[in-house]
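What follows is a short report on a single structure.
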Amino acid sequence: MKALTVRPPYAGQIVTGRKLVENRTRPTYYRGKILIHAGAAVHDHFKEIASTVTDPMGAIVGEVTILGSHSAAGCTRLDCRDLGGFRPGSAEVDFKDGPLHHWVLSDPVQYREPVPATGALGYWAPPESVMERVREQRRLLHD
Ligand SMILES: [Zn+2]
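Residue numbers for the sequence shown follow our numbering, so the first one is 7 and each next one is one higher.
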């Protein structure tokens, strides 16, 4: 399974289903399950309250299914508006190097215990030592 690093607190919002749209400068062609890794530092949007963010950092916190992506320009999908999709030109958009895309997510799952790991850009493959602990967390979901 591949992982995607998302900066806190967005990573936690994704795996708990509060944010089911990820804003990225590129479309995604991958479809299916992906591990959500909480990055080592909070997102710039939260830097002024960074000390109050208690989410796990530098850890895989759960998983989600990627259904697809589309351009944010002209997007009228209600779930994008309500579940974390940014609108081009809005104050929260700080993408200077490309158009904005909405990645549509579903079936969020939060693990009982975060699995510490070092993240990377784009989709990345966690090392086997990390995947062993991820598999343990996935087994616990069915207990
Ligand atoms: Zn959208």
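Even glycine gets a Cβ: it sits at the ideal position worked out from N, Cα and C.
All values reported here derive from a predicted model rather than from experimental measurement.
Counting only unbroken stretches of 4 or more residues, the alpha helix (DSSP H) elements lying wholly within the stretch 46 to 119 are 84 to 88, in sequence order.
Annotated three-state conformation of Tyr-129 is strand, per DSSP. Each residue's CA atom was taken as its position, placing Ile-72 and Arg-37 some 5 Å apart.
Between Val-27 and Ile-42, the gap from beta carbon to beta carbon reaches 7 Å or more. Taking C-alpha positions only, Gly-68 is separated from Val-115 by approximately 5 Å. Here the alpha carbon of Glu-119 sits roughly 34 Å from the alpha carbon of Ser-77. Judged by DSSP secondary structure, Leu-10 falls within the beta strand (DSSP E) whose first and last residues are 9 to 12. Residue burial is scored here from C-beta neighbours: Ala-79 has fewer than 16 other C-beta atoms within 10 angstroms and is therefore classed as exposed.
For the pair Gln-143 and Tyr-117, the Cα-to-Cα distance works out to about 6 Å. Secondary structure note for Ala-123: it is in no beta strand (DSSP E), with a DSSP letter that is neither H nor E.
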